[in-house]
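Undergrad: Taken in order, the sequence shown gives residues 51 to 204; the numbers are from the working numbering. Glycine residues also receive a C-beta, built at the ideal position from the N, C-alpha and C atoms. On a predicted model such as this, the values are computed, not experimentally measured, just so you know.
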Amino acid sequence: MELDRLARLTESALRHAFARDWEPAAAAVTEITDIGDAADMYVACCGFAEIGRAQLLTLYPGGPSAPAHGRVWQPGHIRRAIRPDADAHDAFAARFLAAWANEDTTTTVALYATANHAGTATRTESVCALLAHVTSLRHDARTATMCIRTRDDG
Numbered sequence: 051m052e053l054d055r056l057a058r059l060t061e062s063a064l065r066h067a068f069a070r071d072w073e074p075a076a077a078a079v080t081e082i083t084d085i086g087d088a089a090d091m092y093v094a095c096c097g098f099a100e101i102g103r104a105q106l107l108t109l110y111p112g113g114p115s116a117p118a119h120g121r122v123w124q125p126g127h128i129r130r131a132i133r134p135d136a137d138a139h140d141a142f143a144a145r146f147l148a149a150w151a152n153e154d155t156t157t158t159v160a161l162y163a164t165a166n167h168a169g170t171a172t173r174t175e176s177v178c179a180l181l182a183h184v185t186s187l188r189h190d191a192r193t194a195t196m197c198i199r200t201r202d203d204g
C-alpha cells in the first residue's frame with residue numbers, strides 16, 4: 051500500500067476512535083487489512099502504539115523511563131490491562147502497547163506475527179483492541195490533565 055494512503059487510514063482510524071465513532075474506525079482498520087499486507091498493518095499498529103506511549107507518559111510522568119535499569123512498562127499500566135478474563139485480543143493489545151513503550155520491537159514483531167498467523171479476523175480484532183486501548187488511555191490522560199489543571203487553578 052502506498053505510504054500516504056496508509057498514513058491517512060491510520061490517522062482516520064485514530065481520529066474516529068478518539069471521537070468514539072467506532073464504525074468508521076473499524077472500517078479504516080479493515081481497509082488497511084483488505085488493501086495492504088501484513089507489514090502495512092504492523093506499521094499501523096506501531097502508529098497506534100506510539101500514540102498510546104505518549105498517553106502513558108501523560109498518565110505516568112517520568113514513568114519507567116530507564117528500562118536498562120529494570121524499570122519497564124507492564125501491561126498493568128494500561129487501563130484495560132490483562133486480567134484473568136481478558137480475551138486474546140485484549141491481551142495482544144496490552145502486551146503490544148507495553149512492548150512498544152519499552153522499545154522492544156522484537157516482542158512487538160512476535161506478537162503481531164502470532165496475531166497475523168491466526169488469520170485475518172483475529173488480526174483485525176486484535177488491532178481494533180489495540181486502538182480501543184489507545185483510545186482509553188487518551189481519555190484517561192485527558193481526564194487526568196483536566197483534574198490537575200482544576201486542582202492547580204482552585
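1) Relative to the alpha-carbon of C95, which residue among H183, E73, A69 has its alpha-carbon at the smallest distance?
2) Report the rounded CA-to-CA distance for M51 versus Y92, giving the unit in angstroms.
3) Is DSSP giving W150 helix, strand or coil here?
4) Using the three-state DSSP reduction, which class does M51 fall into: helix, strand or coil?
5) Looking at the secondary structure, which residues open and close the alpha helix (DSSP H) in which R103 lies?
6) For D137, which three-state DSSP category applies?
7) Relative to the alpha-carbon of A36, which residue among G86, G113, F68 has its alpha-carbon at the smallest distance?
8) Which class does V122 belong to by DSSP, given the choice of helix, strand or coil?
9) What distance in whole Å lies between the Cβ atoms of L181 and A75, which are believed to be in contact at a cut-off of 8 angstroms?
10) Which two residues bound the contiguous alpha helix (DSSP H) that contains A220?
11) Within the continuous alpha helix (DSSP H) that includes A160, where are the two ends?
12) DSSP on A69, reduced to helix/strand/coil?
TA: The short version:
1) Looking from the CA of C95, the closest CA among H183, E73, A69 belongs to H183.
2) 12 angstroms
3) helix
4) coil
5) Where R103 is concerned, the enclosing alpha helix (DSSP H) stretches over 88-109.
6) It is coil, neither helix nor strand.
7) The displayed coordinates of the chain run from 51 to 204. Any statement about residue 36 would go beyond what the structure contains.
8) The answer is coil: DSSP assigns V122 none of H, G, I, E or B.
9) That pair is a contact at about 6 angstroms.
10) Because the chain here runs from 51 to 204, residue 220 falls outside it and cannot be looked at.
11) 155-167
12) coil
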